[in-house]
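Encoded as structure tokens, the structure appears first; notes follow it.
Put into structure tokens, the structure is as follows:
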């Protein structure tokens, strides 16, 4: 134990603490304001700390430029376990590209589709994954699915109930969702997967990607003149993102978020306890098949008003 794991500085704090609880040390390489990794700093960090594991995060589902040259990346990490963190990204298992023996891809279904579970992809058959006990898995899954069902119920009622009731159920659903996130993030031991893996093979990836691309185009068109930081997002990334990234300067971020939430849109600062978030804040505006064109346009209207009120 005591080996280093190299993480981006825009990363989940719960996962970092989980890593440390297993006896490993954590070091960070910087993520730029535009959500991309600094290649030079990435290489320097590898040389400096000599990590056993490197994690490359497709931030908000935007493909990391570190994967633009897979041959180079495989050489740089030739004797290192490479984990491609795609938990914010919609990935079709049929299109996964494993670039070396110790390269693994992980996803998180709950962050991109209404399913629970996570999947690990790789090209090794000699790994010994300790199988958790039935009781451990059952209790954990029961808690996770219980919170998830209540969260979905709460969000569903938001679209049915009027005004104040809608907002109350939205806040309750948000608390339940975050309780579920904490339960999953804080869990030290693994648990067997549920039906999510099987059901994920029935996901219509093409439909989701098409819907999201259109929604991102709408956000860009209606918010372009007011965005504090405008990102160049490829057509491919538009279809796989978790949310539309609204990157804000710290001195205006709280006012913008408070106004948006006061109008019932319960977004929040993402990974707000990360090192990256010390210098700026980010909000993910909603994307997905649950969002109609009218809803996206309403989110744009609220966001514009929030930004203009906080110049």
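Residue numbers (my numbering): 7 to 317.
Beta carbons: idealized from backbone N, C-alpha and C, even for Gly.
Treat the numbers as computed from the prediction; the structure is a model and nothing was measured.
Check your understanding: With 16 as the cutoff for other CB atoms within 10 Å, does residue 308 come out buried or exposed?
Key -> So residue 308 ends up on the buried side.
**Study point:** Beta-carbon contacts of residue 243 that lie in its chain and below 8 Å, excluding the five residues immediately before and after
**Key:** In chain order, 67, 68 and 69 place their CB closer than 8 Å to the CB of residue 243, counting only its own chain and leaving out the 5 sequence neighbours on each side.
Check your understanding: Taking the alpha carbon of residue 131 as the point to measure from, which residue in 141, 107 and 147 has its own alpha carbon closest?
Key -> It is 107 whose Cα lies nearest to the Cα of residue 131.
Point to revise | CB of residue 262 within 7 Å of CB of residue 254, strictly | key: In this structure, residue 262 sits near residue 254, with a CB-CB distance shorter than 7 Å.
Practice item. Sort out for me which residues DSSP pairs residue 34 with in a bridge. Key: Paired residues: 13.
**Study point:** Which listed residue (32, 39, 311 and 19) has its alpha carbon closest to that of residue 256
**Key:** When only C-alpha atoms are compared, the closest one is 39.
Exercise for review: Determine which residues share a DSSP beta bridge with residue 90 and list them.
Suggested key: 62 and 111.
**Study point:** Pairwise C-alpha distance: residue 41 and residue 223
**Key:** Those two C-alpha atoms are separated by around 19 Å.
Check your understanding: Are the beta-carbon atoms of residue 287 and residue 259 separated by less than 7 Å?
Key -> Remark: C-beta atoms of residue 287 and residue 259 approach each other more closely than 7 Å.
Point to revise | Beta-carbon proximity list for residue 271, same chain, < 7 Å, skipping 5 on both sides | key: Hits under 7 Å: 305 and 308.
Practice item. Report yes if the C-beta distance between residue 12 and residue 27 is below 7 Å; otherwise report no. Key: Not in contact: residue 12 and residue 27 (Cβ atoms no closer than 7 Å).
Exercise for review: Kindly identify the DSSP beta-bridge partner or partners of residue 286.
Suggested key: Paired residue(s): 255.
Practice item. Please report how far the alpha carbon of residue 125 lies from the alpha carbon of residue 241, in whole angstroms. Key: Between residue 125 and residue 241, the C-alpha separation is close to 25 Å.
**Study point:** As assigned by DSSP and simplified to three states, the class of residue 169
**Key:** Three-state DSSP puts residue 169 in a helix.
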